[in-house]
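The structure under discussion appears below in the form of structure tokens.
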Amino acid sequence: MGAGATGMSVARDPAASILPLSLEGVRYVAGGAALLSDISIRIEAGRRLMVMGANGAGKSLFLRICHGLIEPTAGRRRWASGEARASAQAMVFQRPVVLRRSVAANLEYPLALKRLPRSERRYLVACTLDRFGLTPLADRPARLLSGGEQQRLALARAWSMRPQVLFLDEPSSALDPSATRIIEEMVAQFSDEGMTIVMTTHDLGQARRLAQDVAFLHRGRLIEHRSAAEFFAGPETLEARAFLAGDLIW
Amino acid sequence: MDGPFATAFSLIASGDPALMQIIGLSLRVTLAAVLIACVIGLPLGAALALARFPGRGAVIVVFNALMGLPPVVAGLVVYLLLSRSGPLGSLALLFTPTAMIIAQTVLILPIVVSLTRTVVEDLWAEYQEHLRSLGASRLRAVPTLLWDGRVSLLTGVLAGFGRASAEVGAVLIVGGNIAGHTRTMTTAITLETSRGNLGLAIALGIILLALTLTLNAAAWGAGEWARGRLG
């Protein structure tokens with residue numbers, strides 16, 4: 001299991017914490033094939049967990065089941081708050097999803113969904129624009145931003161919802177190195193503020209830079225979940241060792 | 251060039267009251283039909299895109315097929331509904347502009363529904379995970395998707411307007427082409443041509459063409475502007 005140490009929590013009231021998140025015996029079957037099997041994991045508050053594995057290992061699916069976009073075929077997902085699907089969570093996707101409206105309107109949309117009053121929405125949007133240096137882009141149509149800017153917007157939008165846990169699915173795999181660095185800095189900052197990070201990546205360098213804990217998936221099974229220091233010093237399993245060595249594993 | 255063309259231009263230039271009345275009625279009927287078709291068709295098309303129910307495929311096929319519904323058939327159906335012995339005969343709507351609006355709505359609705367469904371389906375495929383991640387229900391997603399598809403939808407609505415303003419069969423059957431009451435540009439062209447009164451027919455033809463051109467230019471311009479402005 002993970003290193004267990006809990007960092008500070010974003011939640012002001014500790015009783016309201018939605019973490020840890022537990023998956024118990026989660027299995028997901030599609031078209032007769034088991035894409036995830038026997039996944040049991042406890043995701044602790046305040047940590048940066050990198051979910052690693054080869055293409056097709058089930059990383060994205062794992063993330064979507066954690067987030068609640070997909071229900072497992074068998075097994076349970078349990079939030080500490082007891083909610084079926086916790087509201088204090090957000091997700092950023094590989095391809096940034098931005099609506100065909102201005103940057104500011106993109107930031108305001110999720111706040112409107114949460115039925116926040118207009119004045120509060122405006123205030124939070126202004127804070128978010130300011131914090132992420134997006135104010136000069138506020139009125140620009142979001143679809144016309146570069147890929148890196150769109151992903152920055154997606155992260156800023158996620159941040160503005162003040163989630164306790166943020167899921168990121170390969171957030172920089174479509175971006176160039178400088179945009180990637182900005183995204184990584186944002187993730188590290190969110191984490192420093194106490195946000196729990198669960199992120200998939202197949203970029204080893206990125207995983208080394210960001211991980212506090214590592215969950216390693218292989219063919220739909222969780223075969224390692226340890227602190228990053230331990231994992232990178234010497235994985236227990238052959239598959240993880242081969243993955244770190246850059247071998248193609250199936 | 252003396253003759254029908256000269257007559258046509260002098261009718262247009264002088265703002266002939268009969269001509270203006272016909273143009274006014276045509277626009278009123280078609281605009282009202284477009285408006286009603288949008289109010290019904292936009293939500294219906296979006297619902298059809300997002301809802302999953304048995305028989306959904308059949309409904310989609312029917313709406314697609316209805317896009318090619320011959321106007322005379324639409325006219326006939328509305329005629330049967332509104333005629334004195336029909337189910338809605340007591341409303342005494344036959345041979346009124348209201349009947350023409352109903353008939354044209356029937357013609358435009360399938361276009362609006364089918365186009366909206368396609369646009370919203372594509373957007374939903376793109377936005378689905380994000381919107382669900384934010385906790386938006388399918389119902390809540392409908393206005394979001396309609397708004398984000400606004401440019402494509404406008405093109406469809408203008409196509410509907412084009413179809414309605416150009417058709418003659420439906421308004422002729424349910425309107426009766428009564429002078430000063432239910433005579434539109436297309437029905438007037440039909441009648442005046444058969445009478446040999448080519449001046450008025452040509453004048454109306456020119457105006458109808460100009461209207462179609464203007465609309466298409468507006469649609470194209472709006473699309474280009476939006477592509478540059480909204481991405």
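Keeping their order, the protein sequence lines are chains A and B.
Going left to right, the first sequence walks through residues 1 to 250 as the working numbering numbers them.
Going left to right, the second sequence walks through residues 251 to 481 as the working numbering numbers them.
Glycine residues also receive a C-beta, built at the ideal position from the N, C-alpha and C atoms.
Please read these numbers as outputs of a predicted model, since none were measured by experiment.
For residue i, is the classification buried or exposed, using 16 other Cβ atoms within 10 angstroms of its Cβ as the cut-off for buried?
i: residue 313 of chain B; result: buried
i: residue 419 of chain B; result: buried
i: residue 459 of chain B; result: exposed
i: residue 258 of chain B; result: buried
i: residue 171 of chain A; result: buried
i: residue 289 of chain B; result: exposed
i: residue 127 of chain A; result: exposed
i: residue 115 of chain A; result: exposed
i: residue 237 of chain A; result: exposed
i: residue 389 of chain B; result: exposed
i: residue 55 of chain A; result: exposed
i: residue 14 of chain A; result: For residue 14 of chain A, the predicted structure reports a pLDDT of 48, less than 50, and the residue's modelled location is therefore unreliable. The matter cannot be settled from this model.
i: residue 431 of chain B; result: exposed
i: residue 119 of chain A; result: exposed
i: residue 428 of chain B; result: exposed
i: residue 213 of chain A; result: buried
i: residue 139 of chain A; result: exposed
i: residue 291 of chain B; result: buried
Quick check on DSSP: helix, strand or coil for residue i?
i: residue 286 of chain B; result: helix
i: residue 195 of chain A; result: coil
i: residue 220 of chain A; result: coil
i: residue 130 of chain A; result: helix
i: residue 50 of chain A; result: strand
i: residue 125 of chain A; result: helix
i: residue 292 of chain B; result: helix
i: residue 476 of chain B; result: helix
i: residue 25 of chain A; result: strand
i: residue 468 of chain B; result: helix
i: residue 173 of chain A; result: coil
i: residue 250 of chain B; result: Beyond the ends of chain B as shown, which are 251 and 481, falls residue 250 of chain B; an answer cannot be given.
i: residue 200 of chain A; result: strand
i: residue 418 of chain B; result: coil
i: residue 215 of chain A; result: strand
i: residue 433 of chain B; result: coil
i: residue 227 of chain A; result: strand
i: residue 334 of chain B; result: coil
i: residue 301 of chain B; result: coil
i: residue 85 of chain A; result: coil
i: residue 2 of chain A; result: Because residue 2 of chain A carries a pLDDT of 39, less than 50, the predicted location of this residue cannot be relied on, and the following value inherits that uncertainty. Residue state, collapsed to three classes: coil.
i: residue 460 of chain B; result: helix
i: residue 80 of chain A; result: coil
Contact defined as beta carbons within less than 8 Å: I believe residue i pairs with residue j. What is the distance between those atoms, to the nearest angstrom?
i: residue 341 of chain B; j: residue 369 of chain B; result: Contact doesn't hold; Cβ gap of about 35 Å is too wide.
i: residue 167 of chain A; j: residue 198 of chain A; result: 5 Å
i: residue 300 of chain B; j: residue 374 of chain B; result: 6 Å
i: residue 384 of chain B; j: residue 113 of chain A; result: 5 Å
i: residue 287 of chain B; j: residue 362 of chain B; result: 5 Å
i: residue 147 of chain A; j: residue 179 of chain A; result: 7 Å
i: residue 143 of chain A; j: residue 480 of chain B; result: 6 Å
i: residue 315 of chain B; j: residue 354 of chain B; result: Not really, about 18 Å apart at Cβ, beyond 8 Å.
i: residue 99 of chain A; j: residue 109 of chain A; result: 6 Å
i: residue 29 of chain A; j: residue 39 of chain A; result: Incorrect: roughly 13 Å between the Cβ atoms, too far for contact.
i: residue 215 of chain A; j: residue 51 of chain A; result: 5 Å
i: residue 254 of chain A; j: residue 22 of chain A; result: This structure cannot settle anything about residue 254 of chain A, because the visible part of chain A is limited to 1 through 250.
i: residue 350 of chain B; j: residue 407 of chain B; result: With a Cβ gap of about 19 Å, residue 350 of chain B and residue 407 of chain B do not count as contacting.
i: residue 169 of chain A; j: residue 94 of chain A; result: 5 Å
i: residue 439 of chain B; j: residue 454 of chain B; result: 5 Å
i: residue 85 of chain A; j: residue 58 of chain A; result: That belief does not hold up - the Cβ atoms of residue 85 of chain A and residue 58 of chain A are roughly 20 Å apart, past 8 Å.
If you follow the alpha helix (DSSP H) that residue i is in, where does it begin and where does it stop?
i: residue 18 of chain A; result: Element bounds for residue 18 of chain A: n/a, residue is neither H nor E.
i: residue 40 of chain A; result: Premise fails: residue 40 of chain A lies in the beta strand (DSSP E), 33-43, not in any alpha helix (DSSP H).
i: residue 160 of chain A; result: 147-160
i: residue 206 of chain A; result: 204-210
i: residue 143 of chain A; result: Premise fails: residue 143 of chain A is in no alpha helix (DSSP H) and is neither H nor E.
i: residue 135 of chain A; result: Residue 135 of chain A -> no alpha helix (DSSP H), and no H or E assigned at all.
i: residue 345 of chain B; result: No alpha helix (DSSP H) holds residue 345 of chain B; DSSP gives it neither H nor E.
i: residue 314 of chain B; result: 306-316
i: residue 239 of chain A; result: 238-244
i: residue 264 of chain B; result: 254-264
Go to residue i, then tell me how far its beta strand (DSSP E) extends in each direction, as first and last residue.
i: residue 67 of chain A; result: Careful: residue 67 of chain A lies outside any beta strand (DSSP E), inside the alpha helix (DSSP H) at 59-67.
i: residue 73 of chain A; result: Taken as a continuous stretch (DSSP letters only), residue 73 of chain A belongs to no beta strand (DSSP E), as it is neither H nor E.
i: residue 167 of chain A; result: 165-169
- Message: To test your reading of the DSSP string, which unbroken alpha helix (DSSP H) runs of 4 or more residues are found completely within the stretch 350-415 of chain B?
- Response: 388-398
- Query: Residue ranges of each beta strand (DSSP E) run of no fewer than 3 residues wholly in the stretch 88-117 of chain A, ordered along the chain?
  - Reply: 89-92
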